[in-house]
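At the far end of the sequence shown sits residue 175, using full-length UniProt numbering, and the numbering has no gaps.
Glycine included, C-beta positions come from ideal geometry on N, C-alpha and C.
In this text the structure is predicted, and so the values were computed from the model without any measurement.
Taking it in order: structure first as structure tokens, then the write-up.
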Amino acid sequence: MTDEQLKKLKKQLVEQVESLEERVEHTEEFETTELSNYDNHPADNATDLYDQERGLAMTQFKEEELADAKAALAAIEDGSYGTCSVCGKEIPFERLEALPTALTCIDHADQHPDLESRPSEEDVLQASTAQPVKKEDDGIRDYQDSFEDVEDFGSSDTPQDQPSEDSQDFFKDDK
């Protein structure tokens, strides 16, 4: 790799670091948009959660990208940039031009993500069936009478929800 090519790549990396540092610095704190979740529809809560998770993932990606760019700049400073950190062969300029943060040749690049790792949420979340509501009933319940179980808590069977034969019944005169 020529000195001119190295200067070009170093300039790219410095610009990338500056841009990423600015983007990471201006990342918002991800908090819920509601003061209370009491009256929210579950879908609204799910949307908020999705937005938070997406934002956190993007922040994590930016931070990893920044660390890679800084590592590449450190390799330029110590003279090891452009040489594979695994086998010691020279990394083709075309690869470095396409991916200036590359510290390995294409043969040693991590091309397969770890499919065995699971999201950290799975360590604390459990399926709703893992802790049944009623423990005295170890058998299978048919749930045929489920409505009767919850009917005491209210229903939407109010007079306004009942069909009327005459729509004019709603407009009674109080004379």
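Close Cβ partners of residue i (< 7 angstroms) along its chain, the five nearest in sequence each way excluded
{"i": "residue 103", "result": "71, 72, 75 and 85"}
{"i": "residue 20", "result": "62, 65, 66 and 69"}
{"i": "residue 17", "result": "66, 69, 70 and 73"}
{"i": "residue 27", "result": "59"}
Beta-carbon proximity list for residue i, same chain, < 8 angstroms, skipping 5 on both sides
{"i": "residue 54", "result": "none"}
{"i": "residue 6", "result": "76, 81 and 82"}
{"i": "residue 37", "result": "45"}
{"i": "residue 24", "result": "59, 62, 63 and 66"}
Residue i, DSSP secondary structure in three states
{"i": "residue 90", "result": "strand"}
{"i": "residue 95", "result": "helix"}
{"i": "residue 120", "result": "helix"}
{"i": "residue 145", "result": "coil"}
{"i": "residue 110", "result": "coil"}
Residue i - partner residues in DSSP beta bridges
{"i": "residue 196", "result": "No information on residue 196 is available, as it lies outside the stretch 1 to 175 that the chain covers here."}
6 angstroms CB neighbourhood of residue i in its chain, flanking five on each side removed
{"i": "residue 47", "result": "none"}
{"i": "residue 101", "result": "68, 69 and 72"}
{"i": "residue 13", "result": "69, 72, 73 and 100"}
{"i": "residue 10", "result": "76"}
Quiz item: Along the chain, which unbroken stretches of the alpha helix (DSSP H) at least 4 residues long are found entirely within the segment 4-81?
Solution: 42-78
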